[in-house]
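Numbering (this note's numbering), first residue to last: 234 to 413. The C-beta atom is built at its ideal place from N, Cα and C for all residues, glycine as well. Small disclaimer: the values here were computed from a predicted structure and weren't measured. Worksheet for the structure shown next.
Here it is in structure tokens:
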């Protein structure tokens with residue numbers, strides 16, 4: 234995720250504020266800086282950060298799609314060659330009530346959301362908002378060779394207990410671009 238704006242000095246940044254109202258669960262720990270990168274400063278509280286929330290699929294829906302795949306690839310099956318469209322697959326995996334609940338949670342604290350594929354919620358939020366909802370610290374990291382700057386979390390990354398059963402992973406706050 235590329236930065237919108239610039240990294241600021243620690244004096245200009247906001248402090249980490251925790252809202253422990255929902256028994257957060259640790260989902261990731263970052264206490265090291267990847268090779269080729271350096272941590273510079275804390276993100277400015279109003280700096281925008283982008284990340285994606287990947288939602289869990291129901292086991293039964295995944296199993297049904299696996300069975301369907303076995304049928305459409307088996308020449309002796311009467312479903313052989315009858316591939317599902319992307320929209321049909323999304324329809325089988327999507328859980329609109331889960332998408333709505335996760336979006337309501339994120340939007341209730343000021344984040345903007347968009348959904349793709351029925352199982353990914355894309356989020357844009359102020360760094361201070363991301364810090365508060367994920368009980369973490371957002372820091373600026375810079376690639377040593379290219380100078381590329383990205384915002385990523387530092388320390389523990391949490392999910393509220395009420396969201397843990399819906400969220401499979403969070404992308405864009407822990408991973409770094411592969412650069413040479």
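Leaving aside the five residues before and after residue 321 along the sequence, list all residues of the same chain whose C-beta is less than 8 Å from its C-beta, in chain order.
Closer than 8 Å at Cβ, skipping near neighbours: no residue.
Thinking residue 391 and residue 407 are a contact (beta carbons under 8 Å), I'd like their distance in whole angstroms, please.
About 13 Å; that fails the 8 Å criterion.
If you draw a straight line from the C-alpha of residue 318 to the C-alpha of residue 308, how long is it?
Cα to Cα, residue 318 sits roughly 19 Å from residue 308.
Short of 7 Å in beta carbon distance, which residues of its chain neighbour residue 350, apart from the five on each side in sequence? Order them along the chain.
Hits under 7 Å: 323.
Sub-8 Å separation of residue 288 and residue 354 beta-carbons
Cβ distance < 8 Å, so residue 288 and residue 354 count as in contact.
Cβ-heavy atom distance between residue 347 and the ligand SAH below 7 Å?
This structure simply doesn't include the ligand SAH, nor any ligand for that matter.
Compare the C-alpha of residue 294 against each of 277, 262, 328, 279 and name the closest.
The residue with the shortest Cα to Cα distance from residue 294 is 328.
For the alpha helix (DSSP H) containing residue 325, list its first residue and its last residue.
That run of the alpha helix (DSSP H) goes 319-326.
Can you tell me where the beta strand (DSSP E) with residue 390 in it begins and where it stops?
Taken as a continuous stretch (DSSP letters only), the beta strand (DSSP E) holding residue 390 covers 382-392.
Suppose you measure from the CA of residue 281 to the CA of residue 260; what does that come to, to the nearest Å?
Note on geometry: alpha-carbon atoms of residue 281 and residue 260 lie some 22 Å from one another.
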